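Asker: Residue numbers for the first sequence follow our numbering, so the first one is 144 and each next one is one higher.
Glycine included, each C-beta is placed from N, C-alpha and C at the ideal position.
Small disclaimer: the values here were computed from a predicted structure and weren't measured.
Just passing along the structure, written as structure tokens.
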Amino acid sequence: MRPSRHFFEEPVDQVARSLIGGLLLVNGTGGRIVETESYDADDPASHSYLMRRTPRNGAMFGPPAHVYVYRSYGIHWCLNFVCSPGSAVLIRALEPVKGIEAMRRRRGTTDDALLCAGPGRLCEALGIDKRLDGASLLRPPFTLTLPDDRRAILIGPRIGLTKAAERHRRFGEKDSRFLSRRFAKET
DNA sequence: CGATAGATCGGCT
DNA sequence: GCCGATCTATCGC
């Protein structure tokens with residue numbers, strides 16, 4: 144099923160969780176979403192913290208169901224789905240499904256476990272860059288399909304943060320081998 | 001395995 | 001100037 148704009152107006156943690164298992168394609172290339180993180184304006188780790196707008200983060204305050212693409216560490220691109228104003232879901236990893244040869248070519252690797260395992264890697268694999276910032280997720284080149292089956296989902300602290308690192312706003316598919324990192328072991 | 005340096009842009013102090 | 005929602009190569013145990 145294709146999401147409506149309303150899907151993205153739900154609480155951002157719920158959206159991030161519900162996206163796990165969904166199919167994301169850009170120009171027909173991509174895969175199943177296996178890892179996400181949520182961010183909002185109350186979050187010191189978020190670019191939208193305190194609803195502060197800058198030239199970079201404008202898309203986070205635009206309409207839901209659009210994308211926010213930003214440059215990370217001056218090198219990589221990262222893809223977010225915009226939810227309610229100032230909130231967004233960072234897409235952190237995909238299980239490659241379609242256009243695998245094209246993704247291998249763009250990434251320069253044949254190791255499928257590393258094709259889309261990380262926000263920077265998946266943007267490189269799908270050819271996502273600044274040109275897509277602010278584009279609608281509900282129209283080409285994007286195709287997004289929500290999951291039709293419910294698989295076990297793990298929740299844990301987000302990755303690579305120095306602020307608010309303790310918040311459990313990272314969601315991932317249990318037992319997926321395409322995650323950017325393993326979740327902490329359950330006891 | 002784990003730790004670390006370096007690439008290098010935008011935003012903040 | 002410094003730091004970060006990252007990734008890769010290259011150290012050392």
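On the premise that residue 262 lies in contact with residue 243, defined as a C-beta separation below 8 Å, what is that separation, rounded to the nearest angstrom?
Answerer: With 8 Å as the limit, residue 243 and residue 262 do not qualify as a contact, their Cβ atoms being about 19 Å apart.
Asker: Entirely within the segment 228 to 301 and at least 3 residues each: give me those beta strand (DSSP E) ranges in chain order.
Answerer: The segment 228 to 301 contains these whole beta strand (DSSP E) runs: 231 to 241, 285 to 288, 296 to 299.
Asker: For residue 176, which residues does DSSP report across the bridge?
Answerer: Answer by DSSP bridge pairing, in chain order: 237.
Asker: Please report how far the alpha carbon of residue 151 lies from the alpha carbon of residue 226, in whole angstroms.
Answerer: Distance between the alpha carbons of residue 151 and residue 226: 5 Å.
Asker: Going by CA-CA distance only, name the one from 292, 259, 252, 236 that's closest to residue 315.
Answerer: Per the Cα distances, 236.
Asker: With a threshold of 8 Å, are at least 3 pairs of Cβ atoms found where one atom belongs to the segment 255 to 274 and the other to the segment 191 to 206?
Answerer: The segment 255 to 274, when compared against the segment 191 to 206, does not touch it at the 8 Å Cβ threshold.
Asker: Spatial neighbours of residue 189 within its chain, please: CB distance less than 7 Å, with the 5 preceding and 5 following residues excluded, ordered by chain position.
Answerer: Closer than 7 Å at the Cβ level, and outside the excluded window around residue 189, lie 182, 183.
Asker: The beta strand (DSSP E) spanning residue 313 covers which residue range?
Answerer: Looking at the DSSP string, the run of the beta strand (DSSP E) that includes residue 313 is 313 to 316.
Asker: Per DSSP, residue 223 is paired with what?
Answerer: Partner(s): 211, 233.
Asker: From which residue to which residue does the alpha helix (DSSP H) around residue 189 run?
Answerer: Unbroken run through residue 189: none, as it is neither H nor E.
Asker: Might you give, ordered along the chain, the residues of its own chain that have their beta carbon closer than 7 Å to the beta carbon of residue 293, omitting 5 neighbours on each side?
Answerer: Correct list: empty, nothing qualifies.
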